[in-house]
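Q: Quick one: the structure is below, and I'll ask about it shortly.
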Amino acid sequence: MGLRSLLFWLLLMTPTMTVALPLAQPVAMPIGPGPDRMAAGVARMVGSILEFTRWPTARPVVRMCMAGVVAHGDQLDEISLTNGARIATVALAADEAAPAARCDALYLGSLDVAVRQRLIAAVRGNPVVTIAEDDRDCAGGAMFCLLFAPQTLSFQLNIDAVSRSTVRIDPRVLRVAKGGY
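In this text, residue positions in the sequence shown follow our numbering: the first is 410, and each later residue adds one.
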């Protein structure tokens, strides 16, 4: 088990958490030191999310499409998963009609709300993990929404969005997201 998986596991197994249905917010993960600490934290968090994701068929390369103005995505292409899969980031135009054909994951930076919702709707029902960097209320329909604080990073899980997807998120993540029931 890599450091990323261990950090995610510890994050998930920590008993203190706030729960709001259908969204659940695990405890915050410390960012750590360094000049690009938020991007490093995002890479660890996104890597952990992808580590616990199962697509209908194995992905030797996970194509992560980036849309909008991404503030903390500089290190996402450095993620490598324990199954040997690597991440390939691809810039996605906000007006692209069929992102599901090009993307296994969709990382949404700062976008107009209507554009974000359109992109999420375009991949709904397809094997695409959606992660929003700039949707604090997690109201745009992404599966995961990153939450930034000065020294920590956490996320909200949109259980409804996960249930509508054809990717499977490890049940331990879902169980913890529902309050550990």
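Cβ atoms here follow ideal geometry from the backbone N, Cα and C, with glycine treated the same way. These figures come from a predicted structure and were not determined experimentally.
Looking at V471 and G518, is the spacing between their C-beta atoms short of 7 Å?
A: Here the question's residue 518 lines up with position 109 in the sequence shown. Here the question's residue 471 lines up with position 62 in the sequence shown. No; because the gap between Cβ atoms is not below 7 Å, this pair is not in contact.
Q: Evaluate T498 with the Cβ neighbour count: other Cβ atoms within 10 Å of its Cβ, from every protein chain shown; 16 or more gives buried, anything less gives exposed.
A: The residue you call residue 498 lines up with position 89 of the sequence shown. Buried: at least 16 other Cβ atoms inside 10 Å.
Q: Could you give the distance in angstroms between the alpha-carbon of A531 and the alpha-carbon of W464?
A: In the sequence shown, residue 531 corresponds to position 122, counting from 1. In the sequence shown, residue 464 corresponds to position 55, counting from 1. In a straight line, the C-alpha of A531 is about 18 Å away from that of W464.
Q: Exposed or buried, what is L430 when buried is set at 16 or more other beta-carbons lying within 10 Å of its beta-carbon?
A: Against the sequence shown, residue 430 aligns to sequence position 21. Note that L430 has pLDDT 42, beneath the 50 cutoff, so the model's placement of it is unreliable and the number below is only indicative. Exposed is the call here.
Q: Quick one: Cα of I540 to Cα of G450, how far?
A: Taking the first residue of the sequence shown as 1, we reach residue 540 at position 131. Taking the first residue of the sequence shown as 1, we reach residue 450 at position 41. Going by the C-alpha atoms only, they are around 14 Å apart.
Q: Alpha carbon to alpha carbon, how far is F557 from R573?
A: Along the sequence shown, read from residue 1 onward, the residue named residue 557 stands at position 148. Along the sequence shown, read from residue 1 onward, the residue named residue 573 stands at position 164. Each residue's alpha carbon lies about 26 Å from the other.
Q: D504 and A448 - do their beta-carbons sit closer together than 7 Å?
A: Counting from one through the sequence shown, the residue named residue 448 turns up at place 39. Counting from one through the sequence shown, the residue named residue 504 turns up at place 95. Their beta carbons are not under 7 Å apart, which means A448 does not touch D504 by this criterion.
Q: Could you tell me whether the Cβ atoms of R468 and A494 are closer together than 7 Å?
A: Position 59 of the sequence shown, counted from the first residue, corresponds to residue 468. Position 85 of the sequence shown, counted from the first residue, corresponds to residue 494. Yes, they are a contact pair.
Q: For N492, count the other beta carbons within 10 Å of its own beta carbon; 16 or more makes it buried, fewer makes it exposed. Which is it?
A: Numbered from its first residue, the sequence shown carries residue 492 at position 83. Exposed is the call here.
Q: How many whole angstroms separate the CB atoms of L528 and P508, which I take to be in contact at a CB cut-off of 8 Å?
A: By one-based count along the sequence shown, residue 528 stands at place 119. By one-based count along the sequence shown, residue 508 stands at place 99. Confirmed, about 6 Å.
Q: From this set, S563, E542 and P536, which residue's C-alpha is nearest R577's C-alpha?
A: Taking the first residue of the sequence shown as 1, we reach residue 577 at position 168. Nearest of S563, E542 and P536 to R577, Cα basis: P536.
Q: Could you compute how far the alpha carbon of R511 sits from the alpha carbon of M473?
A: On the sequence shown, residue 511 is found 102 positions in, with the first residue counted as 1. On the sequence shown, residue 473 is found 64 positions in, with the first residue counted as 1. Going by the C-alpha atoms only, they are around 9 Å apart.
Q: Between A500 and the rest of its own chain, which residues show a CB-CB distance below 7 Å, the 5 nearest in sequence each way excluded?
A: On the sequence shown, residue 500 is found 91 positions in, with the first residue counted as 1. Closer than 7 Å at Cβ, skipping near neighbours: M475.
Q: Which of the three DSSP states is assigned to L555 in this structure?
A: Counted from its first residue, the sequence shown places residue 555 at position 146. Looking at L555 - three-state DSSP - the assignment turns out to be strand.
Q: Kindly list the residues whose CB is nearer than 6 Å to the CB of R581, restricted to its own chain and excluding five residues on each side of it in sequence; keep chain order.
A: If you number the sequence shown from 1, residue 581 lands on position 172. Taken in chain order, the list of residues that qualify is empty.
Q: Alpha carbon to alpha carbon, how far is T575 from V522? Give it in angstroms, no decimals.
A: By one-based count along the sequence shown, residue 522 stands at place 113. By one-based count along the sequence shown, residue 575 stands at place 166. So the two alpha carbons sit approximately 24 Å from each other.
Q: Given a threshold of 16 other Cβ atoms within 10 Å of its Cβ, counted over all protein chains shown, does Q565 qualify as buried or as exposed?
A: Within the sequence shown, numbered from 1, the residue matching residue 565 stands at position 156. Per the 10 Å Cβ criterion, buried.
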